[in-house]
Amino acid sequence: MGLGAALGLTLNWAGGQGIVDAGIVSNVAIIGKEIGDLFLRLLQMLVVPLIVSSLITGVTGMGDLRTLGSIGGRAIGFYLTTSFLAIVTGIVVVNIIRPGDGAELALLEEGAPGGALLAEEPRSIGIVLWEQLESLIPKNPLAAATEGDMLPVIFFSLLMGVFIGLAEHRNGSKDASIVRRFFSGLVDVMMQMTLFVVKFAPIGVFGFTLFAAAGKGLAAFQVLGWYVLTVFIALLIHATVTLPIILKVVTGRSPIEYARRLTTALVTAFSTASSNGTLPLTMQEVEGAGVKPGVTSFVLPLGATINMDGTALYEAVAVLFIAQVYGIDLTIAQQAIIAFTALLASIGAAGIPHAGMVMMVVVLNAVGLPTSAVALILAVDRILDMLRTTVNVWSDSVAAAVVDARE
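The working numbering numbers the first residue of the sequence shown as 35 and each following residue consecutively.
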């Protein structure tokens with residue numbers, strides 16, 4: 035990012051002073067964008083197989099859903115509740131700060147973004163939500179995947195995961211077990227592919243940063259600074275207000291003392307940006323804080339798969355920020371769609387670095403924003419990935435304490 039910013043700002047200044055021909059500056063900026071676009075295509079390539087395999091494996095990994103019992107029910111209820119609260123926090127904060135207003139950044143192709151949802155006349159939130167729920171059921175899951183219509187793909191994947199588990203545990207189907215292992219193996223493969231692709235993130239960031247800096251100068255970084263601040267404030271509120279209140283009210287524990295016992299796990303989550311990689315350490319420290327091993331061994335691995343408070347919040351804020359940059363005022367109904375989609379997409383987000391960026395494509399599609407809009411925020415994704423992963427791990431740890439207190 036630093037190299038792209040330095041080169042882009044230098045070219046922007048030199049072009050403004052007449053030292054370098056404006057055509058040369060424009061051509062260099064376009065080259066930067068083309069480099070970034072190649073990286074975006076790699077990210078988009080991962081979306082469908084990563085979401086499908088992650089969701090199916092996550093659901094089947096719960097075992098027989100009929101026998102989850104109180105631990106499973108409470109854990110899933112906690113995950114859905116806190117993720118929703120995180121999204122609401124993010125939406126409120128981004129609507130108050132409005133970091134994208136007046137940005138006027140021509141970072142993407144010219145012209146307003148398309149999308150049926152954005153083009154619609156304002157309607158009641160009930161009608162929009164009903165139509166969105168109706169659209170969850172795909173006529174053809176393969177066609178939906180091919181067209182990039184991800185909400186039906188998510189619904190089908192969740193449903194398929196449920197019935198693979200039922201077939202395996204209720205009927206003892208060996209074939210269902212084979213299908214489960216296939217998707218489990220596919221998750222491993224897709225995680226390796228994702229880790230490989232994100233190795234090229236610095237090149238993609240360089241390209242987009244060069245493009246933004248050469249075209250808009252310091253204005254490009256001012257708006258990104260406000261965006262980072264917005265995400266940080268929203269994450270901070272969720273991590274230091276919402277989750278501690280839940281922890282204190284339900285368990286009676288001191289949030290400060292509990293967090294202190296988890297210091298190493300939280301620092302590791304921040305430095306690695308991987309909730310899966312931090313899981314063994316998280317389990318060790320949560321048990322050391324007095325949570326029963328039987329709870330941690332179920333709640334924490336499940337949470338590392340489907341409980342992504344920080345990711346859900348980040349996706350909602352990012353999409354609203356992008357809409358603001360485009361000059362689009364989203365209605366309450368459209369923001370509700372973003373909240374619903376961000377919740378589903380966060381469940382499918384793998385616990386590895388930059389996975390949230392891959393899932394961003396799903397949320398952008400839901401409101402008709404072009405997936406290339408990811409370019410707006412790619413340059414600052416790494417630091418935000420570290421922050422949201424820390425919140426994810428903190429939420430998992432609070433979930434373990436809450437479930438333990440209710441057993």
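Glycine included, C-beta positions come from ideal geometry on N, C-alpha and C.
Keep in mind that this is a model prediction, so the values were computed, not measured.
Can you tell me which of the options puts its alpha carbon nearest to the alpha carbon of residue i?
i: VAL262; options: LEU114, PHE230, GLY92 and PRO133; result: PRO133
i: LEU119; options: LEU377, ALA407 and SER431; result: LEU377
i: PHE255; options: ILE411, TYR292 and ILE271; result: ILE411
i: ALA273; options: MET317, SER117 and VAL93; result: SER117
i: PHE216; options: PRO83, ALA109 and VAL408; result: PRO83
i: ILE442; options: THR405, GLY70, ILE131 and ALA407; result: Given that the chain is displayed from residue 35 to residue 441, the structure contains no residue 442 and the question cannot be resolved.
i: THR123; options: ILE381, ALA370, ASP415 and VAL397; result: ALA370
i: ALA400; options: VAL275, LEU418, PRO327 and VAL353; result: VAL353
i: LEU270; options: PRO335, TRP428 and PHE189; result: TRP428
i: ALA373; options: VAL62, GLY106, ALA177 and VAL396; result: VAL396
i: ILE280; options: GLU68, ALA439, VAL93 and GLY107; result: ALA439
i: PRO404; options: SER431, ILE356 and LEU364; result: ILE356
i: GLU168; options: THR180, ALA179, PRO186 and VAL126; result: PRO186
i: ASP135; options: TRP164, ILE362, GLY337 and LEU200; result: ILE362
i: ALA409; options: LEU244, GLY311 and VAL86; result: LEU244
i: THR297; options: VAL283, PHE230 and GLN318; result: GLN318
i: GLY259; options: GLU291, VAL414, TYR292 and GLU68; result: VAL414
i: ILE340; options: TYR113, GLY206, ILE58 and LEU193; result: TYR113
i: VAL86; options: PRO236, VAL62, ASN61 and LEU192; result: LEU192
i: ALA63; options: VAL239, ASP343, LEU364 and PRO289; result: VAL239
i: ARG295; options: THR306, GLY402 and GLY324; result: GLY324
By the DSSP assignment, the alpha helix (DSSP H) with residue i in it spans what residues?
i: PHE304; result: 297 to 306
i: GLY311; result: 309 to 322
i: LYS233; result: No alpha helix (DSSP H) holds LYS233; DSSP gives it neither H nor E.
i: ASP438; result: 415 to 440
i: VAL408; result: Looking at the DSSP string, VAL408 is not in any alpha helix (DSSP H), and its letter there is neither H nor E.
i: SER191; result: 184 to 204
i: LEU176; result: 175 to 180
Indicate whether residue i and residue j have their beta-carbon atoms separated by less than 7 angstroms.
i: ILE90; j: GLY195; result: yes
i: PHE73; j: PHE332; result: no
i: LEU264; j: LEU80; result: Residue identity differs from the one stated: residue 264 is Thr in this sequence, not Leu. Contact flag unset, no.
i: VAL221; j: SER88; result: yes
i: GLY70; j: GLY322; result: no
i: THR345; j: SER309; result: no
i: LEU77; j: VAL392; result: yes
i: ALA434; j: VAL329; result: yes
i: ALA407; j: LEU418; result: no
i: ALA350; j: ILE125; result: yes
i: PHE189; j: LEU170; result: yes
i: TYR348; j: ARG422; result: yes
i: THR302; j: ILE198; result: no
i: LEU336; j: ALA109; result: yes
i: ALA299; j: LEU277; result: no
i: VAL436; j: VAL284; result: yes
i: VAL320; j: SER431; result: yes
i: ALA307; j: MET420; result: yes
### Message
Could you tell me which whole beta strand (DSSP E) segments of length 3 or greater appear in the stretch 250 to 282?
### Response
none
### Inside the stretch 331 to 376 only - alpha helix (DSSP H) runs reaching at least 4 residues
343 to 359
### Message
Quick check on the DSSP output: what are the complete alpha helix (DSSP H) runs of length 4 or more inside the stretch 69 to 132, in order along the chain?
### Response
103 to 131
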